[in-house]
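Participant:
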Amino acid sequence: MDENINLTILNEIAKAAKMGMESISYVTEKVGDENMKENLSTQYNGYGNIVEKVNGQFETYGEVPDEAPARDKMMSWMGVQMNTITDKSNSHIAEMMIQGNIMGIVECQKLINHNPYVDEPVKNLLHEFVTFQNNNIEKMKEFL
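Numbering-wise, the sequence shown is residues 412 to 555 according to this note's numbering.
Rendered as structure tokens:
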């Protein structure tokens, strides 16, 4: 198997997990409900665990993950700011989080479908990330 595709996939997982963490950190400051904050904190920690696992996989290839461009971080921050100007309700924030997780699942599923010969540990991490995002969606549904 070409190591490059494994590294590409690991970079995609890392980018998505870090974006999830950044989005949560931006949106949490808009949340007043303690139950929602606790839920978001749990998700934040889950994304952090995924990033740690990705970093561990990078070590097996003797590489380090790419850093997300500052432009992506700024766009994420602006998106949260714009989406919460008029509506900071739990329902709206849950909807935003669900949409983000759905986007992540779609991207992961494409990687799974188009790269059947990816190394097993990378494939397992992709599946774990999809499961994690599905669980996030289920938890956020309670706030709709």
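The beta-carbon is built from N, C-alpha and C at its ideal position, and this holds for glycine as well.
Assuming A505 contacts I461 under a Cβ cut-off of 8 Å, what Cβ separation, rounded to an integer in Å, is found between them?
Facilitator: So it is not a contact: roughly 21 Å between Cβ atoms.
Participant: With a threshold of 16 other CB atoms inside 10 Å of the CB of V530, please say whether the residue is buried or exposed.
Facilitator: Note on identity: in this sequence residue 530 is Asp, with Val being the wrong assignment. Classification of D530: buried, given that the 10 Å Cβ count is 16 or more.
Participant: Report the residue from N545, E553, F554 whose alpha carbon sits nearest the alpha carbon of G457.
Facilitator: Taking only the C-alpha atoms, the option nearest G457 is N545.
Participant: Between S452 and chain D, is there a C-beta pair that is closer than 8 Å?
Facilitator: Considering every chain present, this structure includes no chain D. It has just one protein chain.
Participant: Can you list, in chain order, the residues of its chain whose CB lies under 6 Å from that of I509, leaving out five sequence neighbours each side?
Facilitator: Answer for I509: I548, M551, listed in chain order.
Participant: Report the three-state DSSP secondary structure of I416 (helix, strand or coil).
Facilitator: Helix, per DSSP.
Participant: Sorted by chain position, which residues of the same chain lie with C-beta nearer than 8 Å to F540's C-beta, five sequence neighbours on each side aside?
Facilitator: Answer for F540: I424, A427, A428, I461, G515, C519, listed in chain order.
Participant: Take N398 and list the residues in its own chain whose beta-carbon comes closer than 8 Å to its own, dropping the five residues that flank it on each side.
Facilitator: Look at the range of the chain in this structure, 412 to 555, and you will see that residue 398 is not part of it.
Participant: In whole angstroms, what is the alpha-carbon distance linking L536 and I513?
Facilitator: Looking at the two C-alpha atoms, the distance is approximately 17 Å.
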